[in-house]
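Below is one structure, written out as structure tokens; the observations come after it.
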């Protein structure tokens, strides 16, 4: 009773304190920040609208068939986006499969297990990886990574895993696996940094409680830290996936730029972003409109993935918020 | 404090000075083909010494881009390795002139142990790019190259992933020597390739071939020379195997039939010394130049290019236009109306 009265009174005080005579500065500040927030929302809407208006001709001509058609033929004005959608989704999935264990493990090592003198240098190095421009990484991919992988890893994998349709066929260098690898290298820094921030923010109380119950190092990490940080790490992975979906230059240089759908990871592929980068400057008429539609598809795929992530987070929100 | 003030003043002063210099200089923007980019860069460099009051800015975004931008009038001149179609010309707000500048060779380059110089004929090349010939020691290749040891491995075809005039010239040639190519794929700046890996730009293709043993692709001659890559000798229409060079491209140019509007194709040219995979490249300008100052500078530059500029073509392995053609082009340049 006393507390509510105090709160109410305090609330009244607060209200009174917030309505002093002429605080123009505060109002301007809140108005300004609102404007900036609205600008961001407006920007997204404008981008979506521009993509839509640029793609209308193609949408009218191909309709839903655009999303399931496999033929991309600028010479005969026939366009279908399925190989690119497949390429984007597969290369991003590959990148996540490779990057997530690496990143989360690195983040755990850096927060829980690494000696103090080692932490800062490794953190700095990981962040430096994020600073490498996409094109430079692509160049490195073409001249160093892909030839090395082809001569050492791919042939080895082909010999022992060639029976599996995932690794069937000739490995000539540029392929879906190379694309996935290079995207993985690009998203490792993001996932590692954000995961590390999340793990650091886990209160020590959690760890101490687990130790008090007799848990081992790994059990502490698993029970106390990871389960507390689950949502944050999932958020980090979504951030990484967002970057993976849109990654253009590095992927274009190592994925082989062949619009086909093949089960084999050694077959060259094509992504939504790559086809726009390769063909947009020269396109006109229906070709340009189809490329706009590809942009629209990429835009929607990114939004859908983020929405899905939000839904998954909300579904599991109840499980972790148990204070 | 004083030092930083002095530095700020100096910096501002330099900016002002640079700004004033820049405003005195006229900038002409152009965009288009990557094929002639080396020779155009050289021309713009040299012309800046001849006339320092004008600066040319060229973006090599590809022939298709050059055509689109000149139609949209976002650039002062376009450049294209393929002549504009009637359809595209009709979309332009004014009459566009095709000014041929130089001709060049598209070469077949590859990565085979020992870097031999291979002899190939048109149908063989078409079949490789169609995916019909898949091994290096295929009889079609081996029969033309007795004495050369060819490995028993797959040919990894590399083509362009972006739209390009080099592709236009190459597919134009393939359409002439292979009816199957003509009906299945056709000729364009970007086509649906039956097989092979795609790389971006001439640089991408040559880089990919250098890194991939067993690869074969097509690039502009200068890229193969500068990267010290082997180049195939191709059989021409009169039956002789010709090596690509500025002389053999000039021979192809000499035997080509050139109509009045200068839109022509010179692939598979007749003539004993002609290199069959050759193509010319054009600058695209409006006949009516609305901006008097820019129009005047454009005409002066074109005149210089077609007289002095042509002499520089040889050292970059392009073929200069023969004198008769140059005279015809200069006459066309004088028909450009400046101002008004």
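Residue numbers (our numbering), protein chains in the order written: chain D, 131 to 453; chain W, 5 to 344. In this text, a Cβ means the ideal position worked out from N, Cα and C, and glycines have one as well.
Helix, strand or coil at residue i [DSSP, three-state]
i: residue 134/D; result: Low per-residue confidence applies at residue 134/D: pLDDT is 45, beneath 50, and the placement is therefore not dependable enough to give any value.
i: residue 62/W; result: strand
i: residue 154/W; result: coil
i: residue 81/W; result: strand
i: residue 14/W; result: helix
i: residue 434/D; result: helix
i: residue 264/W; result: coil
i: residue 73/W; result: helix
i: residue 254/W; result: helix
i: residue 224/W; result: strand
is_contact[residue i, chain D] using C-beta, thresh 8 Å
i: residue 196/W; result: yes
i: residue 243/W; result: no
i: residue 285/W; result: no
i: residue 131/W; result: no
i: residue 192/W; result: yes
i: residue 216/W; result: yes
i: residue 72/W; result: yes
CB of residue i within 8 Å of CB of residue j, strictly
i: residue 117/W; j: residue 155/W; result: yes
i: residue 253/W; j: residue 303/W; result: no
i: residue 431/D; j: residue 375/D; result: yes
i: residue 467/D; j: residue 165/D; result: No statement about residue 467/D is possible, as the shown extent of chain D runs from 131 to 453 and does not include it.
i: residue 199/D; j: residue 212/D; result: yes
i: residue 333/W; j: residue 268/W; result: no
i: residue 366/D; j: residue 353/D; result: no
i: residue 84/W; j: residue 67/W; result: yes
i: residue 213/W; j: residue 279/W; result: no
i: residue 301/D; j: residue 284/D; result: yes
i: residue 106/W; j: residue 325/W; result: yes
i: residue 259/D; j: residue 422/D; result: no
i: residue 337/W; j: residue 288/W; result: no
i: residue 30/W; j: residue 292/W; result: no
i: residue 201/W; j: residue 388/D; result: yes
For residue j and residue i, the rounded distance between their alpha carbons
i: residue 287/D; j: residue 216/W; result: 18 Å
i: residue 254/D; j: residue 397/D; result: 36 Å
i: residue 133/D; j: residue 335/D; result: For residue 133/D, the predicted structure reports a pLDDT of 43, less than 50, and the residue's modelled location is therefore unreliable. The matter cannot be settled from this model.
i: residue 242/W; j: residue 62/W; result: 38 Å
i: residue 332/D; j: residue 249/D; result: 17 Å
i: residue 152/D; j: residue 161/D; result: 15 Å
i: residue 359/D; j: residue 317/D; result: 19 Å
i: residue 51/W; j: residue 286/W; result: 18 Å
i: residue 90/W; j: residue 298/D; result: 47 Å
i: residue 88/W; j: residue 35/W; result: 15 Å
i: residue 180/W; j: residue 191/W; result: 10 Å
i: residue 240/W; j: residue 208/W; result: 27 Å
i: residue 440/D; j: residue 362/D; result: 12 Å
i: residue 242/D; j: residue 132/W; result: 57 Å
i: residue 321/D; j: residue 343/D; result: 31 Å
i: residue 394/D; j: residue 429/D; result: 27 Å
i: residue 412/D; j: residue 167/W; result: 6 Å
i: residue 277/W; j: residue 187/W; result: 29 Å
i: residue 295/D; j: residue 289/D; result: 13 Å
i: residue 416/D; j: residue 192/D; result: 11 Å
i: residue 339/D; j: residue 235/D; result: 22 Å
i: residue 165/W; j: residue 194/W; result: 8 Å
Short CB-CB distance (under 8 Å) between residue i and chain W
i: residue 300/D; result: yes
i: residue 414/D; result: yes
i: residue 382/D; result: yes
i: residue 207/D; result: no
i: residue 357/D; result: no
i: residue 196/D; result: no
i: residue 272/D; result: yes
i: residue 398/D; result: yes
i: residue 204/D; result: yes
i: residue 304/D; result: yes
i: residue 277/D; result: yes
Any non-hydrogen atom of the ligand ATP within 7 Å of residue i CB
i: residue 421/D; result: For the structure depicted, the ligand ATP is absent and the ligand set is empty, with no information on it obtainable.
Per-residue contacts from residue i into chain B (C-beta, under 7 Å)
i: residue 409/D; result: In the structure shown, chain B does not exist; the protein chains are D and W.
If you measure beta-carbon to beta-carbon, which residues of the region 201 to 214 of chain W are closer than 9 Å to chain D? 201, 202, 203, 204, 208, 211, 212 and 214
Interfacial residues, the region 157 to 183 of chain W to chain D, with Cβ spacing under 7 Å: 158, 160, 165, 166 and 167
Could you list the residues in the region 57 to 70 of chain W with a C-beta less than 8 Å from some C-beta on chain D, going in chain order? Listed by position, the residues of the region 57 to 70 of chain W near chain D (Cβ gap below 8 Å) are 65, 66, 67, 68 and 69.
What are the residues of the region 384 to 396 of chain D that lie near chain W, defined by any Cβ-Cβ distance shorter than 7 Å? Cβ contacts with chain W: 386, 387 and 388.
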